[in-house]
Amino acid sequence: MGKLALAAKITHVPSMYLSELDGPHKGCRQAAIAGHHEIGRRCRALGVDTIVVFDVHWLVNSEYHINCGPHFQGLYTSNELPHFIKNLPYEYPGNPALGHLIAEVANASGVKSRAHSDTSLGLEYGTLVPMRYMNSDQQFKVVSVAGWCVWHQLEESMRFGQAVREAIEEHYDGTVAVLASGSLSHHFADNGTAPDYMHKVYNPFLEEMDRRVVDMWEQGDWASFIEMLPMYNEKCWGEGGMHDTAMLLGMLGGVTYQGKVEVVTPYFGSSGTGQINAIFPVPT
Ligand SMILES: [Fe+2]
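Dropping the structure here:
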């Protein structure tokens, strides 16, 4: 029936928005913005109608949650970095039908999940930043999935990802792209030192780990990566517990996945954290 046309792990650093504005940081994230433009271009070429985002800025304490409101509109200021993103206007169509299909399939597979379409839930910036660069013309419907899963197991998030794929391919009538929106290592600069780390990773240990991980992704060494993911998350301060990455890999087949990622925006440091835009080939 439906098609999963594109999958990617993406950055959403708020300095992308600063990069647009006049000031000392103008143009600093052009590579990341160009990467998002490229992913958006490919979604258009593939006939994508909906983009699903695993958003690590949406924290949940219990169950898996899908924001599939019919329409999103607002003026967003980040409560976490209010000096980076303030008064960001947004408007995107939603896709309640796809959101409910994902929840139904996940629940049927034993992963307790809820879809919210009759809701005043807004979007978080793990979704809003990429949509700004990929979807400014509102071409794509948007579904946002909570990816900061505080008390959940990474293995269960992989099964949730599997359910997303099954919902798309066996029940949905359309073409979908899925984005895991989160960083690699995620340790912010200590207070008062943020300017020093604007374009740096917090510690060489974290950068070495991240670069080795990207090598593994490019080589398609998924069995090794999935085995180390829980400890990588623990030792490298995974953003949102790296549940976005677990969902993405579960969706693509877990340890049986053989894809070799295509890096669209090379690894870079941002406020201490490790970032990338990379396309994960969808197995046919
Ligand atoms: Fe983030």
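If you're matching positions, the sequence shown starts at 16 in our numbering and goes up one per residue. Positions of the beta carbon are idealized from the N, C-alpha and C atoms, including for glycine. Just so you know, these numbers come straight off a predicted model, no measurement behind them.
Can you tell which of the options has the C-alpha that lies nearest to the C-alpha of residue i?
i, options, result
"Met257", "Pro85, Leu74, Ala20 and Asp188", "Leu74"
"Met146", "Ala20, Gly50, Val276 and Met266", "Gly50"
"Thr280", "Gln88, Val193, Ile25 and Ile100", "Ile25"
"Asn292", "Glu233, Trp166 and Glu139", "Glu233"
"Thr271", "Val229, Met173 and Gly38", "Met173"
"Ser196", "Phe283, Leu263, Gly38 and Asn110", "Leu263"
"Thr142", "Ala261, Val28, Gly207 and Gln273", "Val28"
"Arg57", "Asp37, Leu96, Val191 and Thr260", "Val191"
"Gln290", "Ser77, Val126, Trp166 and Tyr217", "Tyr217"
"Asn94", "Thr65, Tyr282, Leu138 and Glu277", "Leu138"
"Ile117", "Ala238, Gln153, Ala60 and Val193", "Val193"
"Gln168", "Ala20, Gly268, Glu78 and Ile48", "Glu78"
Roughly how many angstroms separate the alpha carbons of residue i and residue j, rounded to a whole number?
i, j, result
"Asp225", "Ser200", "7 Å"
"Met213", "Ser124", "43 Å"
"Arg44", "Ala182", "35 Å"
"Pro108", "His52", "19 Å"
"Met16", "Glu184", "6 Å"
"Val120", "Met243", "28 Å"
"Ala209", "Ser286", "6 Å"
"Asn206", "Phe99", "15 Å"
Verify the contact flag: residue i, CB atom, against every heavy atom of ligand 1, threshold strictly below 7 Å.
i, result
"Glu139", "no"
"Val71", "yes"
"His27", "yes"
"Ser198", "yes"
"Glu181", "no"
"Glu171", "no"
"Glu254", "yes"
Under 8 Å Cβ to Cβ from residue i, same chain only, skipping five residues before and after it: list those, please.
i, result
"Lys275", "Trp232, Glu233, Gln234, Gly235 and Pro296"
"Ser136", "Reading off the sequence, residue 136 comes out as Leu, not Ser. These residues qualify, in order along the chain: Asn82 and Gly84."
"Leu21", "Ile54, Arg57, Cys58, Leu61, Val63, Ala192, Val193, Ile294 and Val297"
Excluding the 5 residues preceding and the 5 following residue i in the sequence, name in chain order all residues of the same chain whose CB lies nearer than 7 Å to its CB.
i, result
"Asn102", "Leu90 and Thr92"
"Trp252", "Ser200, His201 and His202"
Please determine if the stretch 55 to 71 and the stretch 156 to 169 are in contact, where contact requires at least 3 C-beta pairs separated by less than 8 Å.
Touching, yes.
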